[in-house]
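Okay, structure first, notes after.
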Amino acid sequence: MTNRDTPSHSPQTSTKTEPEVIGSKARALDKDKTTVERLSIPRSSLQRISLLAVLYLLSFGVFVTVFKQDSGQASLPLFPTVILIAFLFELLDSAAGMGFGTALSPLLLVLGFPPLAVVPALLVSETVTGSVAGGVHHELRNVSFSFRPLNDATKLVLLLASVGSLASIGAILLTYFALQLPDTVIRIYVSVLVLLMGLIGIIRARLKVRLEYRPRRLVGFALVAGFNKGIGGGGFGPVVTLGEILSGVYEKSATAIVSLAEGIVSLVGVITFLYISSSGVPVDFTLLPSIFTGGFLAAIGAPYLVRVFPNKIWRYLIPLYATVIGILGLTLGVEI
Numbered sequence: 001m002t003n004r005d006t007p008s009h010s011p012q013t014s015t016k017t018e019p020e021v022i023g024s025k026a027r028a029l030d031k032d033k034t035t036v037e038r039l040s041i042p043r044s045s046l047q048r049i050s051l052l053a054v055l056y057l058l059s060f061g062v063f064v065t066v067f068k069q070d071s072g073q074a075s076l077p078l079f080p081t082v083i084l085i086a087f088l089f090e091l092l093d094s095a096a097g098m099g100f101g102t103a104l105s106p107l108l109l110v111l112g113f114p115p116l117a118v119v120p121a122l123l124v125s126e127t128v129t130g131s132v133a134g135g136v137h138h139e140l141r142n143v144s145f146s147f148r149p150l151n152d153a154t155k156l157v158l159l160l161a162s163v164g165s166l167a168s169i170g171a172i173l174l175t176y177f178a179l180q181l182p183d184t185v186i187r188i189y190v191s192v193l194v195l196l197m198g199l200i201g202i203i204r205a206r207l208k209v210r211l212e213y214r215p216r217r218l219v220g221f222a223l224v225a226g227f228n229k230g231i232g233g234g235g236f237g238p239v240v241t242l243g244e245i246l247s248g249v250y251e252k253s254a255t256a257i258v259s260l261a262e263g264i265v266s267l268v269g270v271i272t273f274l275y276i277s278s279s280g281v282p283v284d285f286t287l288l289p290s291i292f293t294g295g296f297l298a299a300i301g302a303p304y305l306v307r308v309f310p311n312k313i314w315r316y317l318i319p320l321y322a323t324v325i326g327i328l329g330l331t332l333g334v335e336i
């Protein structure tokens with residue numbers, strides 16, 4: 001006989017769930033499926049990714065229609081060489097979190113294109129390709145973004161994008177209202193920083209140390225990366241990507257987060273150039289169709305490579321690539 005006045009304490013399962021750690025889905029995919037099995041993509045994901053072809057055509061049409069008027073040209077040509085190198089460097093950027101503007105910009109200048117044709121085309125292209133790469137990374141489970149509820153990966157994107165955007169505005173203010181540091185000093189500082197972080201990343205990979213996720217540490221790296229972008233316009237991608245890894249973010253997810261964040265940051269640069277263009281300063285968008293075409297294709301292909309290859313490859317490749325970029329910055333004067 002049960003006493004009615006005595007409340008029954010039946011065990012209840014808690015509805016609270018533990019917050020999802022950044023990279024948990026990517027790590028689970030690596031653990032549960034072999035490299036060959038990861039080659040296969042769910043049909044639903046393929047269908048959603050195929051819709052990007054429509055986005056490409058719409059974006060291409062808008063860019064050509066709007067920007068050819070600003071360029072004062074009857075048509076904007078396609079350069080096969082530019083398409084190829086844009087594809088290669090965006091492939092590296094979307095897979096390793098750095099390198100698109102770093103390598104492509106000086107190479108295009110060497111090929112004889114003026115800075116006012118290179119920089120705006122890179123920014124417009126990166127605005128779209130960064131967003132596309134971030135979305136495809138999410139679709140292929142290299143990272144998981146969520147707005148309801150707001151998960152750590154999305155919070156990190158917002159943090160990096162906010163700091164980078166403010167730094168971009170700061171760069172403009174420094175350019176027009178403050179004394180600039182010598183370019184050589186900035187290049188050496190950023191190159192040494194990226195080189196040291198790359199070497200630390202290689203040592204960490206060799207020691208097979210698994211770091212705990214520390215979001216507070218990421219705030220520091222974001223501020224350093226934003227400072228770099230503010231004083232010199234570069235050094236954002238390498239520092240943020242390596243900073244994520246050294247703060248415990250899974251390598252595959254780190255590159256995905258940087259891709260999306262840089263897409264948002266580039267939008268600020270695009271708005272700036274549109275403002276400059278509207279004020280009467282000529283801006284050349286001749287290279288836009290070529291850079292956009294190569295970059296867009298790579299933004300789809302790179303996340304697939306990240307999905308398929310084991311994370312241990314990216315654990316070594318990302319810091320090694322950053323080390324090479326740092327060395328090139330010191331020895332050849334390549335802008336990072």
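full-length UniProt numbering puts the first residue of the sequence shown at 1, with every later residue one more than the last.
Virtual Cβ for every residue (Gly too), placed ideally from N, Cα, C.
As the structure is a prediction and not an experimental result, all values here were calculated from the model.
Do I318 and I264 come within 9 Å of each other at the CB atom, strictly closer than that value?
no
Rounded to a whole number of angstroms, what is the C-alpha to C-alpha distance between D5 and K31?
With a pLDDT of 46 at D5, under the threshold of 50, the modelled position of that residue is not reliable, and no figure is offered here.
In whole angstroms, what is the alpha-carbon distance linking S24 and G329?
34 Å
Is the stretch 269 to 279 touching the stretch 239 to 257 in the sense that three or more CB pairs, one from each, lie closer than 8 Å?
no
How many Å lie between S290 and S44 at the Cα?
30 Å
For L199, collect the residues of the same chain with a Cβ closer than 7 Å to its Cβ; drop the 5 residues on either side in sequence, then sort them by chain order.
T323
Which class does N3 belong to by DSSP, given the choice of helix, strand or coil?
Model confidence at N3 stands at a pLDDT of 48, short of 50, so the residue's coordinates are unreliable and nothing is read from them.
So is V185 buried or exposed if we call it buried at 16+ other beta carbons inside 10 Å?
exposed
L209: which of Y189, V219, G248 and L158 sits nearest, CA to CA?
According to the sequence displayed, residue 209 carries Val and not Leu. Ranking the options by Cα distance to V209, first place goes to G248.
Under DSSP, the alpha helix (DSSP H) around L122 begins and ends at which residues?
P115 to E139
Taking all protein chains shown into account, decide if A28 is buried (16 or more other Cβ within 10 angstroms of its Cβ) or exposed.
exposed
Less than 9 Å separating the beta-carbons of R315 and A205?
yes
List the residues that DSSP assigns as beta-bridge partners of F147.
Beta bridge pairing from DSSP links F147 with L150.
Mind checking which residues open and close the alpha helix (DSSP H) that includes R315?
N311 to T331
So Y304 is in the alpha helix (DSSP H); what residue range does that whole segment cover?
Here the alpha helix (DSSP H) through Y304 covers L288 to V308.
Would you please state the rounded distance, in angstroms, between the beta carbons of E90 and A298? I believe it to be under 8 Å.
In this structure E90 touches A298 by the C-beta definition: roughly 4 Å separates them, less than 8 Å.
Could you give the DSSP three-state label for G243: helix, strand or coil?
helix
Can you tell me the Cα-Cα spacing of A222 and F113, whole angstroms?
32 Å
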